[in-house]
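Asker: Residue numbers (our numbering): 1 to 285.
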DNA sequence: TACCAGGAGAGCG
DNA sequence: CGCTCTCATGGT
């Protein structure tokens, strides 16, 4: 086992890993276990930040510090948020919540599977998908077998009925067709980060099952476009309740408001609103 | 049981 | 345009 200490404060691991941006982290013994770049990882929060454990060999830690966005200046990000009551409340309630920088394919596939599903269910579908099609990953003996996220080629080689057997329902044909377009080089995901945001979004929108919301999730969570602002049912509810109480507002109006109101790190602000709203909904019920 | 879930896409007036 | 319906499945 190789250990690494990341000095980064504040960093709320639990909130970050369970706030609906990534779906494969599991809590065990006061730590979090997952797979990043095909490597098994265990993370634990500490006073100084994060303690990481991986299996040897390890050449460097860039792949992990990049994924965790260790070098992001969180205070600087938050300083760009609008100084209004909703954002103050969200920031106060979600101290240390951060955005990850994920693999574009895993992110895209995960969000194709996310539509009209609760986060618990999304996690289940993805777990089955990885068990059936992912390459085995070397993990400590005490762990049950773990798997990498399956490649687009591997999913493209599956049949629609096989995928439906993973409980993904009507999302199966979308995931299959998208996999085939990626595997065939029709859309090149690693290139998206080098494009202007509108061009990158247009590329994603060519994929079946990918509309504005899912495209924005991939742009934000995987391509580094920190002003991308995915509006899902939760964020729409939050924006409506907090900024347009009692008024009728369309989805497009909410997007335009968000683009104008939340600044260069709008996507970060969105994650705070999303998590804040969900935690509060949970407390109220 | 009924309703809803980090939507997309087609069909309609 | 803007609205409605369907798609599949399971949690609460």
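Quick reminder that beta carbons are idealized off the backbone N, C-alpha and C, glycines included.
Rounded to the nearest angstrom, what separates residue 285 and residue 277 at their Cα positions?
Answerer: In the first chain, residue 285 corresponds to position 285, counting from 1. In the first chain, residue 277 corresponds to position 277, counting from 1. Caution applies to residue 285, whose pLDDT of 44 falls short of 50 and renders its modelled position unreliable; the value that the coordinates give is listed next. Going from the Cα of residue 285 to the Cα of residue 277 covers about 12 Å.
Asker: Which residues bound the beta strand (DSSP E) around residue 50?
Answerer: For this step, residue 50 is matched to residue 50 along the first chain. Here the beta strand (DSSP E) through residue 50 covers 49 to 54.
Asker: Just to confirm before moving on: does the CB-CB distance between residue 221 and residue 107 stay below 8 Å?
Answerer: Sequence index remark: in the first chain, residue 221 carries index 221 (1-based). Sequence index remark: in the first chain, residue 107 carries index 107 (1-based). Yes, Cβ-Cβ distance for residue 221 and residue 107 is below 8 Å.
Asker: Quick one, which of 141, 251, 255 has its alpha-carbon nearest residue 227's?
Answerer: Within the first chain, numbered from 1, the residue matching residue 227 stands at position 227. Nearest C-alpha to residue 227: 255.
Asker: Kindly confirm or deny that the region 162 to 173 and the region 187 to 194 touch, where touching means at least three C-beta pairs closer than 8 Å.
Answerer: no
Asker: Note the first and the last residue of the continuous alpha helix (DSSP H) segment covering residue 15.
Answerer: One-based indexing of the first chain puts residue 15 at position 15. Run containing residue 15: 13 to 18, per the alpha helix (DSSP H) assignment.
Asker: With distances taken between CB atoms, is the gap from residue 146 to residue 40 smaller than 8 Å?
Answerer: Your numbering for residue 146 matches position 146 in the first chain. Your numbering for residue 40 matches position 40 in the first chain. Note that the C-beta distance between residue 146 and residue 40 is below 8 Å.
Asker: Using a Cβ distance threshold of 8 Å, determine whether the region 88 to 106 contacts the region 14 to 27, with at least three qualifying pairs required.
Answerer: In this structure the region 88 to 106 lies against the region 14 to 27, because at least three pairs of beta carbons, one per stretch, are closer than 8 Å.
Asker: Straight-line CA distance for residue 110 to residue 252?
Answerer: If you number the first chain from 1, residue 110 lands on position 110. If you number the first chain from 1, residue 252 lands on position 252. Their backbone Cα atoms lie some 24 Å apart in a straight line.
Asker: Please report how far the alpha carbon of residue 127 lies from the alpha carbon of residue 154, in whole angstroms.
Answerer: Translated into positions along the first chain, residue 127 becomes position 127. Translated into positions along the first chain, residue 154 becomes position 154. Residue 127 and residue 154 have their C-alpha atoms some 16 Å from each other.
Asker: Quick check on the burial criterion: 16 or more other C-beta atoms within 10 angstroms. Buried or exposed for residue 268?
Answerer: Reading the first chain from its first residue, position 268 is the one you call residue 268. Counting Cβ neighbours within 10 Å, residue 268 comes out buried, since at least 16 surround it.
Asker: Considering just the uninterrupted stretch of the beta strand (DSSP E) at residue 25, what are its terminal residues?
Answerer: Position 25 of the first chain, counted from the start, is the residue given in the question as residue 25. Taken as a continuous stretch (DSSP letters only), residue 25 belongs to no beta strand (DSSP E), as it is neither H nor E.
Asker: Could you name the residues of the same chain whose beta carbon sits closer than 7 Å to that of residue 22, not counting the 5 residues immediately before and after it, in chain order?
Answerer: The residue given as residue 22 occupies position 22 in the first chain. Cβ neighbours of residue 22 beyond the five flanking positions: 100, 102.
Asker: Measuring only the C-alpha atoms, how far is residue 249 from residue 240?
Answerer: As a first step, residue 249 must be located in the first chain, where it is residue number 249. As a first step, residue 240 must be located in the first chain, where it is residue number 240. Taking the straight line joining both Cα atoms gives about 7 Å.
Asker: Mind checking which residues open and close the beta strand (DSSP E) that includes residue 265?
Answerer: In the first chain, counting from the first residue as 1, residue 265 sits at position 265. Residue 265 -> no beta strand (DSSP E), and no H or E assigned at all.
Asker: On the criterion of 16 or more Cβ atoms from any shown chain inside 10 Å, does residue 179 qualify as buried, or is it exposed?
Answerer: Within the first chain, the letter at position 179 stands for residue 179. It counts as buried.
Asker: For a test of the three-state rule: what should DSSP assign to residue 110, helix, strand or coil?
Answerer: Here the question's residue 110 lines up with position 110 in the first chain. Note: residue 110 maps to helix in three-state DSSP.
Asker: For residue 264, which residues in the same chain have their Cβ closer than 8 Å to its Cβ, ignoring the five residues on either side in sequence?
Answerer: As a first step, residue 264 is located in the first chain; it is residue number 264 there, counting from the start. So the list reads 80, 226, 227, once near-sequence residues are dropped.
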